[in-house]
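K.L.:
Protein chains in written order, with my numbering: chain W, 4 to 283; chain U, 127 to 510.
Cβ coordinates follow ideal geometry from the N, Cα and C atoms, glycine included.
Dropping the structure in here first, questions after.
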């Protein structure tokens with residue numbers, strides 16, 4: 004039964020992406036697409052022609068599939084409803100890093116300078132976000148005295164600084180908000196996705212949607228203590244709303260500025276809660 | 127950013143999501159740092175100067191308006207100024223007021239367009255949409271006055287074609303008051319925003335000496351401390367005591383600030399000058415002009431616009447246009463060298479390029495000017 008998380012996670016991820024686009028549009032004084040728009044996008048990309056650039060090897064065809072596969076694997080690890088994964092949280096960290104790494108490798112595999120720039124920016128940003136992310140996970144491990152994800156959701160975690168640091172580092176992992184550097188449309192056309200079209204682009208699009216769903220869900224599950232499934236969905240929407248507001252009010256940082264911001268401002272913020280948990 | 131031994135040559139344009147018009151810049155890049163810039167304009171060349179010297183002046187007026195969409199009234203105004211000076215015709219007072227009001231409204235909407243585009247380049251889409259929403263107040267005014275949102279042919283040789291009636295005057299007052307409120311709001315929030323300051327301060331530096339040497343005009347020069355504004359040095363129409371806004375920042379942030387303050391200044395100018403004198407709208411103008419040459423200079427939203435007209439009868443012998451973006455071409459190289467690739471769009475956008483205005487061809491051979499025919503142009507471009 005827990006295999007049902009895969010279509011449910013994909014569907015909810017697309018709906019979250021649709022809500023994101025609709026709310027962003029409303030805040031920017033325009034109407035915006037309907038909430039089902041990402042589903043229409045997926046269907047449309049399925050039937051489009053795939054154009055491959057000159058000079059690419061078999062890796063160009065392989066990496067989008069690997070990216071999507073690792074995103075689907077993350078879906079099996081999150082604490083949601085029918086899934087009861089009682090393994091370690093390290094698997095979650097590992098799989099999330101794997102998603103970003105395969106994305107970056109897809110960018111490198113296209114024979115294109117813009118994909119190359121998008122890919123190395125993704126890697127720099129990945130290194131940047133991992134530090135606050137891991138500090139927050141260590142805080143949760145020490146707080147709940149266990150490594151299992153299900154215990155995180157059942158414990159009573161009042162960690163405000165860790166919550167803020169976690170949300171901001173999730174924004175950076177998703178390439179949203181002030182950190183939308185790797186797919187900066189005005190600078191490098193489309194970054195990693197420049198040379199992908201048709202079904203390969205659909206796989207990358209689905210990966211973004213699944214990552215959005217996963218990170219919003221684990222934020223809600225770890226810090227907001229949901230009790231039932233409906234409560235969990237409502238709290239995920241609250242987290243999504245905070246992330247949307249954060250994205251609407253800021254400009255884009257440069258890659259070196261974002262790295263410094265994540266390592267020297269957000270990581271110390273997460274350290275405050277770590278030290279508090281260690282001392283108490 | 128580490129120094130890498132080899133360099134890439136990356137193209138920026140002709141098609142690029144950051145560019146609103148077609149220009150080709152070729153960057154030589156090492157890592158993320160720009161080493162040199164190669165500018166290749168010419169994609170928007172339409173043979174306008176040749177076309178202008180084949181049409182009588184009244185038809186040429188409508189062609190000169192369509193050189194650019196954003197600064198179209200500035201082109202029409204300068205053309206009329208030059209031709210009316212060559213014909214020694216004086217336009218009535220009411221026409222002067224109406225032309226100045228339309229020129230300032232155009233400056234408003236052009237600056238707001240550029241500020242929105244600059245916000246979009248830094249990734250701040252919210253402010254982009256807000257600026258363009260406020261720009262709609264001005265576009266509605268144009269539609270009410272002339273029927274068009276761009277290429278509003280307000281001018282005719284000898285005066286203007288439309289009149290500002292009392293209800294239009296009331297609408298202008300309302301719109302200008304709203305724009306002044308919004309400009310205050312932007313000065314408080316947009317200019318002081320921390321992410322904007324991080325992305326635009328100390329980027330795209332152009333020192334005052336370089337600006338004077340390279341003869342940069344307009345808000346680009348005024349943001350580098352050079353106090354040069356045609357409305358002050360050679361007043362035309364009804365600008366009699368205009369105070370240009372100068373900032374000493376010399377970077378992208380200063381250029382943004384100058385344009386935002388000019389938005390407020392233009393709105394205030396329109397509000398102060400809405401009492402139009404009661405005269406007629408045009409003076410009779412005969413198209414047969416005795417042999418004469420004249421120069422028209424005005425302050426377009428991007429800087430000094432310069433028209434040289436050599437008249438002899440109904441059809442001009444030569445019309446030469448020098449647009450402010452042509453002067454800004456000289457600025458691309460010093461302002462982009464040594465900067466990061468991530469800052470290219472914001473720096474290029476801050477110089478306010480209006481490429482449609484700026485594509486002219488001059489072939490200088492042995493010091494003498496030559497006009498190029500279409501066959502020669504095809505041969506020249508295919509042999510490169």
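Within 8 Å (strictly less), CB to CB, does residue 150 of chain U reach chain W?
P.N.:
Not closer than 8 Å to any Cβ of chain W, the Cβ of residue 150 of chain U fails to qualify, so no.
K.L.:
How is residue 403 of chain U classed by DSSP in three states: helix, strand or coil?
P.N.:
The answer is coil: DSSP assigns residue 403 of chain U none of H, G, I, E or B.
K.L.:
Using a Cβ cut-off of 8 Å, pull out every chain U residue sitting near residue 256 of chain W, in sequence order please.
P.N.:
Ordered by position in chain U, the residues that pass the 8 Å Cβ test against residue 256 of chain W are 321, 324, 325.
K.L.:
Contact between the segment 27 to 47 of chain W and the segment 66 to 83 of chain W is defined here as three or more beta-carbon pairs at a separation below 8 Å; is this criterion met?
P.N.:
In short, these stretches do not touch, since the Cβ pair count stays below three.
K.L.:
Residues of chain W with CB closer than 8 Å to the CB of residue 255 of chain U, please, in chain order.
P.N.:
In chain order: 31, 32, 33.
K.L.:
Can you check whether the C-beta of residue 468 of chain U is within less than 8 Å of a C-beta belonging to chain W?
P.N.:
Yes - at least one Cβ of chain W is within 8 Å of the one on residue 468 of chain U.
K.L.:
Looking at residue 177 of chain U and residue 189 of chain U, is the spacing between their C-beta atoms short of 8 Å?
P.N.:
Contact flag set, yes.
K.L.:
Give a yes or no on whether 8 Å exceeds the smallest Cβ distance from residue 270 of chain W to chain U.
P.N.:
Chain U, which has no Cβ nearer than 8 Å to the Cβ of residue 270 of chain W, makes this no.
K.L.:
For residue 207 of chain U, I'd like the list of residues in its chain whose CB is within less than 7 Å of its CB, leaving aside the five on either flank, ordered along the chain.
P.N.:
The residues are 362, 422, 424.
K.L.:
With H, G and I counted as helix, E and B as strand and the rest as coil, what does DSSP make of residue 271 of chain W?
P.N.:
Of the three classes helix, strand and coil, the one that applies to residue 271 of chain W here is helix, per DSSP.
K.L.:
Roughly how many angstroms lie between the CA atoms of residue 127 of chain U and residue 263 of chain W, to the nearest whole one?
P.N.:
At residue 127 of chain U the pLDDT is 49, less than 50, meaning the model places this residue with poor confidence; the figure from the coordinates comes in the next sentence. The alpha-carbon atoms of residue 127 of chain U and residue 263 of chain W are separated by roughly 14 Å.
K.L.:
Just verifying my parser: in three-state terms, what is the DSSP assignment at residue 139 of chain U?
P.N.:
Three-state result, residue 139 of chain U: coil.
K.L.:
Are the C-beta atoms of residue 192 of chain W and some chain U residue less than 8 Å apart?
P.N.:
With 8 Å as the cut-off, residue 192 of chain W counts as an interface residue toward chain U.
K.L.:
Residue 3 of chain W to residue 146 of chain W, Cα distance in whole Å?
P.N.:
Examination of residue 3 of chain W is not possible in this model, given that chain W is present from 4 through 283 alone.
K.L.:
For the segment 389 to 399 of chain U against the segment 460 to 468 of chain U, do three or more pairs of beta-carbon atoms, one drawn from each stretch, fall closer than 8 Å, so that the two count as touching?
P.N.:
Contact between the segment 389 to 399 of chain U and the segment 460 to 468 of chain U is absent, because fewer than three Cβ pairs lie under 8 Å.
K.L.:
With a threshold of 8 Å between beta carbons, is residue 183 of chain W in contact with chain U?
P.N.:
With 8 Å as the cut-off, residue 183 of chain W counts as an interface residue toward chain U.
K.L.:
Per DSSP, what kind of secondary structure is residue 79 of chain W in: helix, strand or coil?
P.N.:
Residue 79 of chain W: coil per DSSP, three-state reduction.
K.L.:
Between residue 232 of chain U and residue 427 of chain U, how many whole angstroms is the CB-CB distance? I'm expecting something under 8 Å.
P.N.:
At roughly 7 Å, the Cβ-Cβ gap stays under 8 Å, so residue 232 of chain U and residue 427 of chain U are in contact.
K.L.:
So, using beta-carbon positions, are residue 261 of chain W and residue 164 of chain W closer together than 8 Å?
P.N.:
The answer is no: Cβ separation not under 8 Å.
K.L.:
Should residue 417 of chain U be labelled buried (16 or more other beta-carbon atoms within 10 Å of its own) or exposed?
P.N.:
Label assigned to residue 417 of chain U: exposed.
K.L.:
Between the alpha carbons of residue 199 of chain W and residue 100 of chain W, how many angstroms are there, rounded?
P.N.:
One C-alpha to the other measures close to 22 Å.
K.L.:
Is residue 252 of chain W close to chain U? Criterion is C-beta to C-beta, closer than 8 Å.
P.N.:
Closer than 8 Å to some Cβ of chain U, the Cβ of residue 252 of chain W qualifies, so yes.
K.L.:
Among all the DSSP beta bridges, which residues are the ones paired with residue 434 of chain U?
P.N.:
Paired residue(s): U:421, U:446.
K.L.:
Tell me whether the segment 270 to 279 of chain U and the segment 345 to 352 of chain U touch, counting them as touching only if at least three CB pairs, one residue from each stretch, are closer than 8 Å.
P.N.:
Touching, no.
K.L.:
Around the Cβ of residue 49 of chain W, are there at least 16 other Cβ atoms within 10 angstroms (buried) or fewer (exposed)?
P.N.:
Classification of residue 49 of chain W: exposed, given that the 10 Å Cβ count is below 16.
K.L.:
My parser needs the alpha helix (DSSP H) runs of 4 or more residues fully inside the segment 225 to 257 of chain W; what are they?
P.N.:
With a minimum length of 4 residues, the continuous alpha helix (DSSP H) runs that stay inside the segment 225 to 257 of chain W are 232 to 251.
K.L.:
What do you reckon, are the CB atoms on residue 173 of chain W and residue 225 of chain W nearer than 8 Å?
P.N.:
Not a contact, by the Cβ cut-off of 8 Å.
K.L.:
Count the C-beta pairs between the segment 232 to 243 of chain W and the segment 302 to 310 of chain U that are closer than 8 Å, then say yes if the count reaches three, no if not.
P.N.:
No, the segment 232 to 243 of chain W does not touch the segment 302 to 310 of chain U.
K.L.:
Mind listing which residues of the segment 169 to 182 of chain W have their C-beta closer than 7 Å to chain U's C-betas, in chain order?
P.N.:
Answer set for the segment 169 to 182 of chain W: 181.
K.L.:
Could you have a look at residue 127 of chain U and say whether DSSP puts it in helix, strand or coil?
P.N.:
Because the pLDDT of residue 127 of chain U is 49, which lies under 50, any placement of that residue in the model is unreliable, and the question is left without a value.
K.L.:
Pick out whichever of W:171, W:193, W:148 has its Cα sitting closest to the Cα of residue 109 of chain W.
P.N.:
Looking at the Cα atoms, W:193 is the closest of the given residues.
K.L.:
Beta-carbon of residue 161 of chain U versus every beta-carbon of chain W: anything under 8 Å?
P.N.:
Answer no: the Cβ-Cβ gap between residue 161 of chain U and chain W never drops below 8 Å.
K.L.:
Can the beta-carbon of residue 23 of chain W be found less than 8 Å from the beta-carbon of residue 195 of chain W?
P.N.:
Cβ distance not < 8 Å, so residue 23 of chain W and residue 195 of chain W don't count as in contact.
K.L.:
Kindly list, in the order they appear in chain W, the residues whose Cβ is closer than 8 Å to that of residue 134 of chain U.
P.N.:
By Cβ distance, chain W contributes 116.
K.L.:
In the DSSP output, which residue or residues are listed as bridge partners for residue 163 of chain U?
P.N.:
Note: residue 163 of chain U sits in a beta bridge opposite U:153.
K.L.:
Touch check for the segment 205 to 220 of chain U and the segment 404 to 417 of chain U: three-plus C-beta pairs under 8 Å?
P.N.:
Enough Cβ pairs lie closer than 8 Å, so yes.
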